[in-house]
Amino acid sequence: MFIFRWVLSLSLLLCALKLSYAEAPLPVVIWHGMGDTCCNNETMGRVVRLVQEEIPGVFVHSVKLGGTESADRNAGFFGNLNSQIDSVCTELASINELKHGVNLMGFSQGGLFLRALVQRCPQLGPHALVSFGSPHSGVARIPECPRDDVLCNWMRKLASRGVYSWYIRDHVVQAQYFKDPERLDDYLQHNIFLPDVNNELLPRKPEYRERLLQLKKMVLVRFANDDMIYPEFSSWFGFLDSQGNSVPVENTTMFKEDWLGLRELDESGRLDISAFCI
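Heads up, the numbering used here is the position in the sequence shown plus 962, with the first residue counted as 1.
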């Protein structure tokens, strides 16, 4: 918990100190990771309390899909990500406290989803995006599960039947950011979420780049011993080539041609990349 508090505090300092506030702190929107819920008292509930301790008076919204915590947890495994992003965009637009801009904090897959939200939700008004161990370039291996996690193991069982098959690609969340480096043509043709969000499809969407460039700060945290995200440097937009070799973000075509604005964010000092061993 000490390491967790330290990492969280660092991100909050980046949001609270490096960005100037006018009169009141900007609200914070949090999106939890796989297997978690918006409001679990020991996980995201604790994060919310830590944020409120670090930034007194801040409004915090923890994203919840569905009417219950159980439904929210289920939505982290099963559902259509495009529909989920649209739903959250609509919900956030209805919250008065978020009308004048937000800071965003995402954990694991929640960081990827918040980035998609920045790109697809023009009314959001994002100032900073901080992601912890988020698969921005996808995963080359479906995340592992605890043995006693029924939902997670059911997800893996379905995904093992073919992530690009018509039903699984539309209904298993993790399949929608799965990227097989040896089957890129299949990925580009059949994956319904990540190729679009990463602007890999033609014609590219200039609004995705423009909206990410609204950010005053983008912080990408990678966990050096991450056993959930493979490859772990997907947290930094790196990935694998077809031979399984590591490709850092600066060597990717996405970065060189600046499909998402990452290079411009980097050159303007607004992209922070950090690693933590836990």
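From the three backbone atoms N, C-alpha and C, an ideal C-beta is built for every residue, glycine too. Remember, predicted model here, so these are calculated numbers, not experimental data.
Excluding its 5 nearest sequence neighbours in each direction, G1124 has C-beta neighbours in its own chain below 8 Å: I1130, listed in chain order.
An exposed status is given to G1029, since fewer than 16 other beta-carbon atoms sit within 10 Å of its beta-carbon.
In the DSSP secondary-structure assignment, W993 is bridged to G1068.
In its chain, beyond the 5 residues on either side, no residue has a beta carbon closer than 6 Å to the beta carbon of E1229.
In this structure, F1199 keeps its C-beta atom at 9 Å or more from the C-beta atom of T1215. For I1235, the secondary structure class from DSSP, reduced to helix, strand or coil, is strand. Its chain contains T999, C1000, K1026, L1027 and G1028 as the residues whose beta carbon lies nearer than 6 Å to that of D1034, once the 5 sequence neighbours on both sides are disregarded; these appear in chain order. Under the criterion of beta carbons closer than 8 Å, H1089 and V1064 qualify as touching, at roughly 7 Å. Just measuring C-alpha positions, the residue of H1023, C1107 and P987 sitting nearest G997 is C1107. In this structure, K1141 lies near F1201, with their beta-carbon atoms less than 9 Å apart. In this structure, G1095 lies near F1069, with their beta-carbon atoms less than 9 Å apart.
Taking D1111 as the centre and dropping the five residues before and after it, the same chain places the C-beta of G997 closer than 7 Å to its C-beta, in chain order. Annotated three-state conformation of M1190 is coil, per DSSP. Sequence-distant partners of A1102 (beyond 5 residues in either direction) whose C-beta falls short of 7 Å from its own C-beta, in its chain, are K1141, D1142, P1143, Y1192, P1193 and L1202. In the structure shown, the three-state DSSP call for S1230 is coil. Taking G1019 as the centre and dropping the five residues before and after it, the same chain places the C-beta of A986 and P987 closer than 8 Å to its C-beta, in chain order. Here DSSP, grouped into helix, strand and coil, assigns P1105 to coil.
Of the other Cβ atoms in all chains shown, fewer than 16 fall within 10 Å of the Cβ of I1057; this residue is therefore exposed. Per DSSP, the unbroken alpha helix (DSSP H) holding S1049 starts and ends at L1043 to A1055. Membership of L1177 in any beta strand (DSSP E) is not indicated, and neither H nor E is assigned to it by DSSP. For V1022, the enclosing beta strand (DSSP E) begins and ends at V1022 to S1024.
In the structure shown, A1037 falls within a helical segment according to DSSP collapsed to helix, strand and coil. With respect to V1135, R1082 sits apart: the two C-beta atoms are not nearer than 9 Å. When secondary structure is reduced to three states using DSSP, A1090 falls in the strand class.
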